[in-house]
Amino acid sequence: MKGTTGRIGVVCALLVLVFTTFAWRLIHLQILQYDYFSKLAAQKHLRCQPIPAKRGRILDRNGEELAVNIPVRTVTADGTHIKDPAALAAVAAPFLEMPVEELAGKLSPAVKGKRPYVVIKKEVAEEKAQAMIAAMEKARLRGLYLEEGSVRSYPNGEMLCHVLGFVDHSGHGIDGIEKSFDSELRGQDGFRWIEHDRKGLEIVTYRGQEQLPENGSDIRLTIDMGLQAIVEKEVDAAFRDLHPAGAAAILVDPQTGEILAMANRPNFDPNKFNEAKPEEMRNRIITDMYEPGSVFKIVVASAALNEGIVSDRTRIFCENGLFSYGGKTVKDHHKAGDMSLAEILQYSSNIGSAKMSLMMKDQKYYDYVRAFGFGEKTGIPLQGEISGLVNPPRRWDMLTKTRMAFGQSVSVTPIQMIMAMSSVGNAGKLMKPRLVLSRGEGSTPSETEAPRQIVREETSKFIANALQKVVSKEGTAPLAAIDGFTVAGKTGTAQKVGPHGGYLNDRYIVSFAGFFPAEHPRLTGLVIVDDAKIGAAANYGGLVAAPIFAHIGGRAARYLDIQQENAVAQANASSNQASNR
Amino acid sequence: MKGNRRRATNAIEVDFVARMLVLGFLAGMAALFFVYLKNQQHAVGNKSRLVEQELHEYEARNMALEARITSMTSRGYLQRKLDEGYIHLESVRDTAVARITPPVSAEPDGVLRTASREPGSGVIAGSPQRVLRR
């Protein structure tokens, strides 16, 4: 009996030992090593699935799409799921637009090496990718999978390329608006923690934490594509016919500073940015500086008039076309004796302008140049803007002041020049250029920044009237006239500066800047043609740039339906008659 | 003796066994129901995943088509088609345009586009009088 009890005791002890061991093991697995094993399990079945945000579109002021996204797929292979690479290649290759052998060549190593992730092809069109999956399902094959993605597309190709810029293959803005507003356009990617089964399919029941993506904001530009198309066509024609090193044109609303059109040549297609040459990618309107030539005379004329140094009745002796100063001779194309301020602008007298500058104190003159916005960035939201070059008086030599008066010894950017010209048409108020109308759906258009009053309203009106005469038969730019409108503007013809200093013979940068209707300007335009291959005798702002301005202005006026001034006058007369009756 | 044997036999408590059986059955049914529900949940989850995927595919296809429409109606594309002669621009004279709203004169009021006009036509194009006559 004692022996039996002893045996039972031993068995019980063994059982207790076994169960204690099991219990300890369970405690070890479930409690002590809980973190380790749960992490291990999570690694096998849990995955953070990214939910990409959609990049915002870029629109023109009327909502026309300028940059959009096209959904594409990246095709990947899982070597562990492929049983017959040759059969899979035969089914999938036509959809991937690649030879069967090439695809089989990519699949076979993945299968042999049991590689679970091999990229087969990127940027496959959505329809083709879906058709491929359907064909695979029909053939009962698996092993090729799709990943989401999108590519940026610019439907208008080269049009407005320098403003829009482009994005790289990872979707980051590299140039233009794409770069300047990259963070707003890009948005914020979302994510979702998912648990997946052996086949890699999500087990929706165990869907974990989720954060929805915040799609990028749409950016609405001030650009009007109707006007842009007009400008592009004219600049294209000039570039084709005149074979210049570069050409640019820009249209601005003088009262708000909104940029309505901006075009440069040479240009590039942002859809194929990797094929573009560096000089094609340069937005010359903001990155290049040039000596403006006679267009700059509006600065000295405005300054002298505003300071009361000259008046509308002042006559300045213009030395009959030859003026020796500081050991150098200044020449005028139109040789004359005394000239009024208006005539100096009308005939583009270098001597008259130089003499006006000499009447002003250096610092005061310099202050006006800076007040017009030269020598500082305008703040346009595009990459690579430069501030131009305006030397302070302490760096001037004897000739600098007189040279600056007719646009030499000073370098400006086209955007600075057009904003300065716009200020003349805007009662002496200098606006900051605006390129973005609103950001994001439903956002209100951003407010125009407070303008800088450079000169008195009367001064700018006087200069605007004088500039109207420039576009008369007696002026230097009759070819800038637009039928039905009075145009105010100024020509510029400047010799090109060589790479080692000094001026290059018979090579010019010609320009015309103006606005219309002169009384109540709706549009300011600037046309620049750099080194046109047409011979020195014809290479003048009034002969080359002015007609382009007129073509652009005429078509733009019709597009915007700006009422012709004779029509306005007749309409006013009729209404007056009616009210008198 | 008979009475002793009866006393030595363990009595089966039928009601207790029956209660246990019922409880066991209920627990078993509850477990099966739980498994059924879990399976249903997985099936519905799978279905919702497929619907989500389908929606996503439709959305992507829609986006692709939208991008295609944008590209085929873009200015650059239309200009190319115009140059190639596939489409043709017909000029419309001002006298043939019925204006719904009178054109606005030079004011800083944004963009206007009611119709194009021939320059220098000499007519009071789109003036209020003309509109009234129509």
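These protein sequences, in sequence, are chains R and H.
Numbered according to the numbering used here, the first sequence spans residues 10 to 590.
Numbered according to the numbering used here, the second sequence spans residues 199 to 332.
Think of the CB as a built atom: it goes at the ideal place given N, C-alpha and C, for glycine as much as any other residue.
Here the structure is a predicted model, which means the values were calculated and not measured.
Q.
Against chain H, with Cβ distances strictly below 8 angstroms, would residue 447 of chain R count as a contact?
A. No, because no Cβ of chain H sits closer than 8 angstroms to the Cβ of residue 447 of chain R.
Q | Test: residue 258 of chain H CB closer than 8 angstroms to a CB of chain R | A | Yes - at least one Cβ of chain R is within 8 angstroms of the one on residue 258 of chain H.
Q: Take residue 257 of chain R as the anchor and find which of R:263, R:365, R:266, R:239 has the nearest alpha-carbon.
A: Among R:263, R:365, R:266, R:239, the Cα nearest to that of residue 257 of chain R belongs to R:239.
Q. For the region 197 to 224 of chain R, which residues have a beta carbon sitting closer than 9 angstroms to at least one beta carbon of chain H?
A. From the region 197 to 224 of chain R, only 210, 211, 212, 213, 214, 215, 216 have a Cβ closer than 9 angstroms to chain H.
**Q.** Contacts that residue 283 of chain H makes with chain R (C-beta to C-beta distance below 9 angstroms)
**A.** Residues of chain R passing the Cβ test: none, with the nearest at roughly 17 angstroms.
**Q.** Status (buried if at least 16 other CB within 10 Å, exposed otherwise) for residue 331 of chain H
**A.** Here residue 331 of chain H scores only 29 on pLDDT, less than 50, and its place in the model is too uncertain to base an answer on.
Q: Quick one: residues in its chain with C-beta nearer than 6 angstroms to the C-beta of residue 270 of chain H, no 5 flanking neighbours on either side, listed in chain order?
A: No residues qualify anywhere along the chain.
Q) Counting only runs that start and end within the region 146 to 178 of chain R, where is the beta strand (DSSP E) found for 3 or more residues in a row? A) 153 to 162, all fully within the region 146 to 178 of chain R.
Q: Assuming residue 524 of chain R contacts residue 486 of chain R (C-beta within less than 8 angstroms), just tell me the rounded distance between them.
A: About 13 angstroms separates the Cβ atoms of residue 524 of chain R and residue 486 of chain R, ruling out a contact at the 8 angstroms cut-off.
Q: Report the residues of the region 167 to 198 of chain R with a CB closer than 7 angstroms to any CB of chain H, ordered along the chain.
A: Answer in chain order: 168.
**Q.** Listed by chain order, chain R residues near residue 255 of chain H by CB distance under 9 angstroms
**A.** By Cβ distance, chain R contributes 135, 139.
Q: Grab me the residues of residue 99 of chain R's own chain with a C-beta within less than 6 angstroms of its C-beta, minus the 5 sequence neighbours each way, in chain order.
A: Same-chain partners within the cutoff: 109.
Q.
For the structure I just gave you, are there three or more beta carbon pairs, one from the region 408 to 422 of chain R and one from the region 302 to 320 of chain R, closer than 8 angstroms?
A. A contact exists between the region 408 to 422 of chain R and the region 302 to 320 of chain R.
Q) When the Cβ atoms of the region 205 to 214 of chain R are set against those of the region 234 to 244 of chain H, are three or more pairs found closer than 8 angstroms? A) Because the criterion of three Cβ pairs below 8 angstroms is met, the region 205 to 214 of chain R and the region 234 to 244 of chain H touch.
Q: Given a cut-off of 8 angstroms, decide if residue 65 of chain R and residue 196 of chain R are closer than it, judged by their beta-carbon atoms.
A: With contacts defined as CB atoms closer than 8 angstroms, residue 196 of chain R and residue 65 of chain R qualify as a contacting pair.
Q) Are residue 228 of chain R and residue 448 of chain R closer than 8 angstroms when you measure CB to CB? A) Yes, Cβ-Cβ distance for residue 228 of chain R and residue 448 of chain R is below 8 angstroms.
Q: Kindly indicate which residue of R:527, R:479, R:517 has the alpha-carbon position closest to the one of residue 470 of chain R.
A: Cα-wise, what sits closest to residue 470 of chain R is R:527.
Q: Output, in chain order, the set of chain R residues within a Cβ distance shorter than 7 angstroms of residue 247 of chain H.
A: Result: 211, 213.
Q) Would you call the CB atoms of residue 280 of chain R and residue 166 of chain R closer than 8 angstroms? A) Yes, they are a contact pair.
Q) Quick one: which chain R residues come within Cβ less than 7 angstroms of residue 273 of chain H? A) Under the 7 angstroms cutoff, chain R gives 165, 168, 234, 238.
Q: Could you work out which residue in R:463, R:275, R:209 is closest to residue 289 of chain R when comparing CA atoms only?
A: Among R:463, R:275, R:209, the Cα nearest to that of residue 289 of chain R belongs to R:275.
Q) Within 10 angstroms of its Cβ, does residue 218 of chain R collect 16 or more other Cβ (buried), or is it exposed? A) So residue 218 of chain R ends up on the exposed side.
Q: Closer than 7 angstroms by C-beta to residue 4 of chain R: which residues in its own chain qualify, once you throw out the five before and the five after it? Chain order, please.
A: The displayed coordinates of chain R run from 10 to 590. Any statement about residue 4 of chain R would go beyond what the structure contains.
(Q) If distances are taken between C-alpha atoms only, which option among R:119, R:112, R:291 comes closest to residue 175 of chain R? (A) The option with the nearest alpha carbon to residue 175 of chain R is R:291.
Q. Taking Cβ positions, are residue 113 of chain R and residue 91 of chain R nearer each other than 8 angstroms?
A. The answer is no: Cβ separation not under 8 angstroms.
Q. For the region 75 to 102 of chain R, which residues have a beta carbon sitting closer than 8 angstroms to at least one beta carbon of chain H?
A. Result list: 77, 78, 79, 80.
Q. Among residues of its own chain, excluding the 5 on either side of residue 506 of chain R, which ones have a beta-carbon nearer than 8 angstroms to its beta-carbon?
A. Within the same chain, residue 506 of chain R has close Cβ partners 300, 512, 513.
Q: Give me the Cβ distance between residue 501 of chain R and residue 489 of chain R, rounded to the nearest whole Å; I'm assuming they're in contact under 8 angstroms.
A: Cβ atoms of residue 501 of chain R and residue 489 of chain R stay farther apart than 8 angstroms, at about 12 angstroms.
Q. If you measure from the beta carbon of residue 481 of chain R to each beta carbon in chain H, is any gap under 8 angstroms?
A. Taking CB atoms only, residue 481 of chain R has no neighbour in chain H less than 8 angstroms away.
Q: Assuming residue 318 of chain R and residue 348 of chain R form a contact by the criterion Cβ under 8 angstroms, report the distance between their Cβ atoms to the nearest whole angstrom.
A: Actually they are not in contact, since the Cβ atoms of residue 318 of chain R and residue 348 of chain R sit about 15 angstroms apart, beyond 8 angstroms.
(Q) Any beta carbon of chain H sitting closer than 8 angstroms to that of residue 162 of chain R? (A) Interface residue, yes.
Q | Runs of beta strand (DSSP E) lying entirely within the region 454 to 528 of chain R, each at least 3 residues, in chain order | A | As summarised for the region 454 to 528 of chain R, the continuous beta strand (DSSP E) elements at least 3 residues long and confined to that stretch are 497 to 506, 512 to 525, given in chain order.
Q) Residues in its own chain within less than 6 angstroms of residue 313 of chain H by CB, not counting five upstream and five downstream? A) Unreliable positioning characterises residue 313 of chain H in this predicted model, as indicated by a pLDDT of 42, which lies under 50. A coordinate reading is not provided.
Q. Got a sec? Which residues, its chain only, sit under 6 angstroms from residue 221 of chain R by beta carbon, not counting five neighbours each side?
A. Shown here for residue 221 of chain R: same chain residues with a beta carbon closer than 6 angstroms to its own, the five before and five after excluded, namely 199 in chain order.
Q: Identify the continuous beta strand (DSSP E) that holds residue 347 of chain R and give its terminal residues.
A: 347 to 349 is the extent of the beta strand (DSSP E) around residue 347 of chain R.
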